[in-house]
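The structure under discussion appears below in the form of structure tokens.
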Amino acid sequence: MYQTKGLVTKQAHVDVPAGTYEEQHGREGFFGPVSHLYHRHPPTGWTRIEGECRPQAFYADRAETAGDLPTALLENADVKLGVARRRGTTPYFERNADGDELWFAHAGGGVLETDYGQLRFGVGDYLVIPRGTTYRLACLDECFFLVVQSAGTRLRQPDRGLLGQYSLYDATAIRTPELLPVAATEPEYEVRVRREGKLTRIFYPFHPLDVAGWKGDLYPWALSINDFCPVMSHRAHLPPSVHVTLVGEGFVVCSFVPRPLEEAPGAQRVPFFHRNIDYDEVLFYHAGDFFSRDNIAPGMLTLHPRGVHHGPHPKAIEKSWSPGKTHTDEYAVMLDTRRPLQVTEAARAVEWKEYHLSWR
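Just so we're aligned, residue 22 is where the sequence shown starts under our numbering, counting upward by one.
Right under this line is the structure:
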């Protein structure tokens, strides 16, 4: 039963009582029961944090990426998030037998060659590669990717519900491979199969992408983050769950793109303080001005674990009310995971260790 005690506002995130800071305490990733608490002090106003449960930031674009596999930065039993650098055409083909993959092109462009055909990609493209697909990357220049690897489950589009099937992104925004003839020019071709995190090398005397035709509803596809249409309200700030782009078992991927700011009198214009207690939240900053965060640049990654508050930096709240500020100007990819994420040594090597003190 819904309850109200003390000093509150009629509408969440609008006309927050003077001298208070609104916090959202919710369950099930913004879909479950929720309460709003009105604090006398910012929930992120700590003096220090002792222990592992703290906000963390990483210079993801500085991580070491040597080797055949993407470098894992954060992981749990459902998903791995990492980075990869590729140059030129990979001299072998790949096949992931462990789960679906999502490659987000932060820099560079080229062609994803698959047994379903060729798929051109550029900066800002998501590449969805189903489990078991044989593929290789042919990069026209140096490419840097954010890579999400599911642990066996299928990546799928979200349920649009009341928004309708053309919301978030239209079906015509999805690009599919063009099946082109391939010519065998080498005496031998190698396919590296990833199973249980280990590689097996299979060799063929013919080109492994020798498909003459295909039909069905399972195939690789691409979507530009620029084609994502953000759900918004001019009257009240909406939760990040409205930006879900892809869904996996135990995690979701969201896209943040430029949008008009809330314009109704009294409406908050930055993300609200919250403790999303059932999910860890990861943000990869792709491009633009991340006005809700100080000292965050493209190529960085933040982790806000369950159990500790997060929200806008103090300067961001002030900047949001600037008369000339009418739109956000940021592109970011968010990964929310139901199971806690573990930080790898590769991530610790590029950590900004003072990030949790940046709310001062």
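All C-beta atoms, glycine included, are put in the ideal place defined by N, C-alpha and C.
From a predicted model like this one, the values you see are computed outputs, not experimental measurements.
### Query
Apart from the five residues on each side of it in sequence, which residues of its chain come closer than 7 Å, Cβ to Cβ, to Gly120?
Working through the sequence shown from its first residue, we reach residue 120 at position 99. So the qualifying residues of the chain are Arg152, Gln170, Ser171, Ala172, Gly173 and Thr174.
### Task
Express the C-alpha separation of Arg116 and Thr219 in angstroms, rounding to a whole number.
Here residue 219 refers to the residue found at position 198 of the sequence shown. Here residue 116 refers to the residue found at position 95 of the sequence shown. Per the sequence presented here, residue 219 reads as Lys, with Thr not at that position. Taking the straight line joining both Cα atoms gives about 12 Å.
### Query
Among the residues of its own chain, which have a CB less than 7 Å from the CB of Arg360, if the five just before and after it don't count?
Counting from one through the sequence shown, the residue named residue 360 turns up at place 339. In chain order, Asn97, Ala98, Asp99 and Gly271 place their CB closer than 7 Å to the CB of Arg360, counting only its own chain and leaving out the 5 sequence neighbours on each side.
### Query
Can His34 and Phe293 be called in contact, C-beta distance under 7 Å?
For the purposes of this step, residue 34 is taken as the residue at position 13 of the sequence shown. For the purposes of this step, residue 293 is taken as the residue at position 272 of the sequence shown. Here His34 is near Phe293, since their CB atoms are less than 7 Å apart.
### Task
Please list, in chain order, all residues of the same chain as Tyr156 whose beta carbon is under 8 Å from its beta carbon, the five residues on each side excluded.
Here residue 156 refers to the residue found at position 135 of the sequence shown. The residues are Phe114, Glu115, Arg116, Leu133, Glu134, Thr135, Asp136, Ile150 and Pro241.
### Task
Determine the burial state of Thr25: buried for a count of at least 16 other Cβ atoms within 10 Å of its Cβ, exposed for fewer.
Sequence index remark: in the sequence shown, residue 25 carries index 4 (1-based). Thr25 should be labelled exposed.
### Message
Between the segment 251 to 268 and the segment 73 to 89, can you find at least three pairs of beta-carbon atoms closer than 8 Å?
### Response
Result no; under three Cβ-Cβ pairs closer than 8 Å.
### Query
Where does Arg327 fall in DSSP's three states?
On the sequence shown, position 306 is the one that residue 327 refers to. Of the three classes helix, strand and coil, the one that applies to Arg327 here is coil, per DSSP.
### Query
Where Pro245 and Met22 are concerned, what is the direct C-alpha to C-alpha distance, given to the nearest angstrom?
Along the sequence shown, one-based indexing puts residue 245 at 224. Along the sequence shown, one-based indexing puts residue 22 at 1. At residue 245 the sequence reads Ser, which differs from the Pro that was named. So the two alpha carbons sit approximately 43 Å from each other.
### Query
Should Arg290 go down as buried or exposed, given a rule of 16 or more other Cβ atoms within 10 Å for buried?
In the sequence shown, the residue the question calls residue 290 occupies position 269. If you draw a 10 Å sphere on the C-beta of Arg290, you find 16 or more other C-beta atoms in it, and that means buried.
### Query
Is it buried or exposed for Ser343, if we count other Cβ within 10 angstroms and need 16 for buried?
Reading the sequence shown from its first residue, position 322 is the one you call residue 343. Burial call: exposed.
### Whole-number beta carbon distance between Cys164 and Gly138, since they are thought to touch under 8 Å
The sequence position of residue 138 within the sequence shown is 117, counting from 1. The sequence position of residue 164 within the sequence shown is 143, counting from 1. 20 Å between Cβ atoms; not a contact.
### Query
Does the count of Cβ pairs from the segment 276 to 283 and the segment 208 to 227 closer than 8 Å reach three?
In short, these stretches do not touch, since the Cβ pair count stays below three.
### At least 3 beta-carbon pairs within less than 8 Å: the segment 70 to 79 vs the segment 365 to 378
Here the segment 70 to 79 makes contact with the segment 365 to 378; the two share three or more CB pairs at distances below 8 Å.
#### Entry: Proximity of His295 and Ser276 at Cβ, strictly below 7 Å
As a first step, residue 295 is located in the sequence shown; it is residue number 274 there, counting from the start. As a first step, residue 276 is located in the sequence shown; it is residue number 255 there, counting from the start. Inclusion of His295 and Ser276 in the CB contact set at 7 Å is not warranted, their separation being larger than that value.
### Message
Given this structure, state the Cα-to-Cα distance separating Thr110 from Leu148, to the nearest angstrom.
### Response
The sequence position of residue 110 within the sequence shown is 89, counting from 1. The sequence position of residue 148 within the sequence shown is 127, counting from 1. Rounded to whole angstroms, Thr110 to Leu148 spans 17 Å at the Cα level.
### Query
Counting contacts by CB-CB distance shorter than 7 Å, is Cys250 in contact with chain B?
In the displayed structure, chain B is absent; only one protein chain is listed.
#### Entry: Element boundaries [beta strand (DSSP E), containing Ala78]
On the sequence shown, residue 78 is found 57 positions in, with the first residue counted as 1. Gln77 to Phe79 is the extent of the beta strand (DSSP E) around Ala78.
### Query
In the DSSP assignment, what residue or residues form a beta bridge with Asn316?
Within the sequence shown, residue 316 is the residue found at index 295, counting from 1. For Asn316, which the question treats as bridged, DSSP gives no partner whatsoever.
### Query
Hey, Phe305 and Val273: beta-carbon distance below 7 Å or not?
Here residue 305 corresponds to residue number 284 of the sequence shown, with the count starting at 1. Here residue 273 corresponds to residue number 252 of the sequence shown, with the count starting at 1. No, the Cβ-Cβ distance between Phe305 and Val273 is not below 7 Å.
### Message
Tell me the rounded alpha-carbon separation between Ala128 and Val232.
### Response
Your numbering for residue 128 matches position 107 in the sequence shown. Your numbering for residue 232 matches position 211 in the sequence shown. Each residue's alpha carbon lies about 30 Å from the other.
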